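With numbering that gives the first Met the number 0 applied, the sequence shown corresponds to residues 0 to 386, in that order.
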Amino acid sequence: MEPLYGPIRDYAWGSRSAIALLQGRPVPSAGPEAELWLGAHPGAPASVERAGLRVSLCDLVRDEPGQWLGQRVTDRFGTRLPFLLKVLAADAPLSLQAHPDAEQARAGFAAEAGRPAGERNYSDPHHKPELLVALTPFEALCGFRDPVESAEALAAFGVPALGPVVDALRAGPSGLRTAVRTLLGWPAAERDGLLRAALASAADGPDADLARRLAIAYPGDPGVLVAMLLHHLHLVPGEAIWMPAGNLHAYLSGCGVEIMAASDNVLRGGLTPKRVDVDELLRVLRFEVLDDPVRAAQPVAPGVDCWPVPVDDFALHRVRVGAAVPEVTVALPGPRVVLCGAGSVTVDDGAGALTLASGRAAIGTASGEPLRISGDGEAYVATSGLR
């Protein structure tokens with residue numbers, strides 16, 4: 000194992016304390032720290048040290064795929080690391096967004112060839128399913144809830160102009176597309192008045208409270224009302240959100256470990272100052288109820304659990320060692336990225352042992368040797384989903 004150095008993205012919604020506290024640095028940080036990236040995505044690749052210099056993981060994977068990926072991963076995904084591990088830390092709501100499936104991503108990337116980067120929706124030809132495991136209490140909007148519940152939430156605002164949207168939702172899932180298209184396409188000149196009227200007449204309750212919070216962060220944004228159509232989740236540490244491609248979501252607050260297919264394709268519809276493309280978002284959305292986006296950890300062995308997902312780009316295991324379980328051996332083939340989530344752990348892949356403090360990461364080659372993890376702490380092990 001060797002140290003892996005990940006860049007921290009400074010998006011405006013990021014926390015000034017969560018990642019710093021995880022890594023034992025002073026708080027508040029100088030600016031927002033939104034995401035720690037631990038992968039080989041060209042947008043912000045992690046690095047390792049060679050002869051005193053930092054070398055991009057992208058370059059190592061490209062030049063030495065047999066060593067870093069192994070034959071099975073290379074045969075399936077080519078000479079690229081198929082997953083991206085992150086620490087996400089939100090102090091303000093992220094955009095209302097969804098990600099394309101594999102076919103949509105390939106078609107969208109090809110269709111936008113030649114466009115300037117700032118005018119593109121697709122930065123790569125890959126899908127982006129994702130799993131987020133809460134490190135702290137975590138709040139999120141994820142997937143469409145029962146549209147009848149959504150209809151009652153909007154009706155409670157008491158705004159006659161929302162009547163057609165309420166009626167569409169009362170018809171069931173078939174009305175979801177109409178509701179989202181109508182709300183996100185609301186005439187720009189009328190949006191402020193619509194939201195003011197809705198918030199002024201809303202009764203107290205969870206939906207109205209959420210709408211008021213979002214309206215303060217994004218005044219005049221119709222995404223405030225679209226948020227009423229989604230599951231409003233409060234995770235405790237260790238619970239996870241599974242977000243398949245095509246599902247509308249917005250993370251609101253908290254810190255978590257996130258793993259995803261190695262893509263940065265995001266279709267935004269609201270709750271953001273960034274570029275939105277409502278038509279393209281509507282094209283990729285799945286207008287169906289997401290029954291239960293919350294995943295509980297599944298035990299694998301003493302001290303080891305995971306959150307199974309139906310993709311082969313990635314898998315995530317959590318290893319907890321200490322007095323009760325002082326050492327764990329896990330056989331996870333292919334490339335391995337290990338993040339210490341708490342305490343201190345020592346990771347040995349047969350080529351060398353490395354001790355990681357909280358918030359620090361390591362990478363091991365695709366040697367096939369089992370990982371031995373010991374110490375007193377918690378580690379997250381990211382691999383491909385191929386077995």
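C-beta: ideal position from N, C-alpha, C; glycine also.
This one's a predicted model, so the numbers in the text were calculated from it and none came from an experiment.
Query raised in the report: What residues are listed by DSSP as bridge partners for P298?
Result: DSSP output for P298 lists D304 as bridge partner(s).
Query raised in the report: Taking just the CA atoms, how far does A314 sit from E63?
Result: Rounded to the nearest angstrom, the two C-alpha atoms are 22 angstroms apart.
Query raised in the report: Taking all protein chains shown into account, do 16 or more other C-beta atoms lie within 10 angstroms of the C-beta of E129, making it buried, or fewer, making it exposed?
Result: Label assigned to E129: buried.
Query raised in the report: Does the region 192 to 208 come close enough to the region 156 to 168 to have 3 or more Cβ pairs within less than 8 angstroms?
Result: The region 156 to 168 and the region 192 to 208 touch, with three or more beta-carbon pairs separated by less than 8 angstroms.
Query raised in the report: What does E34 pair with, by DSSP beta-bridge criteria?
Result: The partner list for E34 (beta bridge, DSSP) reads R8 and L87.
**Report entry** Contained beta strand (DSSP E) runs [length at least 3] in the region 64 to 125, N- to C-terminal order
**Finding:** Uninterrupted beta strand (DSSP E) stretches at least 3 residues long and entirely within the region 64 to 125 occur at 82 to 89 and 95 to 97, given in chain order.
Report task. Would you kindly work out how many angstroms separate the C-alpha atoms of K85 and A352, rounded to a whole number? Result -> C-alpha separation (whole angstroms): 23 angstroms.
Query raised in the report: If you pair each beta-carbon of the region 370 to 381 with each one of the region 301 to 317, do three or more pairs fall below 8 angstroms?
Result: By the Cβ test, the region 370 to 381 is in contact with the region 301 to 317, since at least three Cβ pairs between them sit closer than 8 angstroms.
Query raised in the report: By Cβ distance, which residues of its chain are closer than 8 angstroms to V310, with the 5 residues on each side in sequence left out?
Result: So the qualifying residues of the chain are P128, A260 and G384.
Query raised in the report: R49: buried (16+ other C-beta within 10 angstroms of its C-beta) or exposed?
Result: That one is exposed.
Report task. Evaluate E377 with the Cβ neighbour count: other Cβ atoms within 10 Å of its Cβ, from every protein chain shown; 16 or more gives buried, anything less gives exposed. Result -> It is buried - the Cβ of E377 has at least 16 other Cβ atoms within 10 Å.
Report task. Compare the Cα-Cα distances from L281 to each of A43, R294, F82 and P99 and report the closest residue. Result -> From the listed residues A43, R294, F82 and P99, the smallest Cα separation to L281 is found for P99.
Query raised in the report: Going by C-alpha distance, which of E368, W241, L193 and S55 is nearest D290?
Result: The candidate whose alpha carbon is nearest that of D290 is W241.
Query raised in the report: From what residue to what residue does the alpha helix (DSSP H) around V147 run?
Result: V147 -> alpha helix (DSSP H) spans P146 to A154.
**Report entry** CB of G222 within 9 angstroms of CB of A196, strictly
**Finding:** Result no, Cβ atoms of G222 and A196 do not sit closer than 9 angstroms.
Query raised in the report: Which residue or residues does DSSP assign as beta-bridge partners of M242?
Result: M242 is bridged to E129.
**Report entry** Cβ pair L232, A139 closer than 9 angstroms
**Finding:** Inclusion of L232 and A139 in the CB contact set at 9 angstroms is warranted, their separation being smaller than that value.
Requested in this report: Identify every run of the alpha helix (DSSP H) within the region 174 to 238, keeping only runs that are complete inside it and at least 4 residues long; order them along the chain.
Outcome: Look at the region 174 to 238 and you find these whole runs of alpha helix (DSSP H), each 4 residues long or longer: 175 to 183, 187 to 200, 205 to 216 and 222 to 225.
Query - Which of helix, strand or coil DSSP assigns to E279 - result: Helix.
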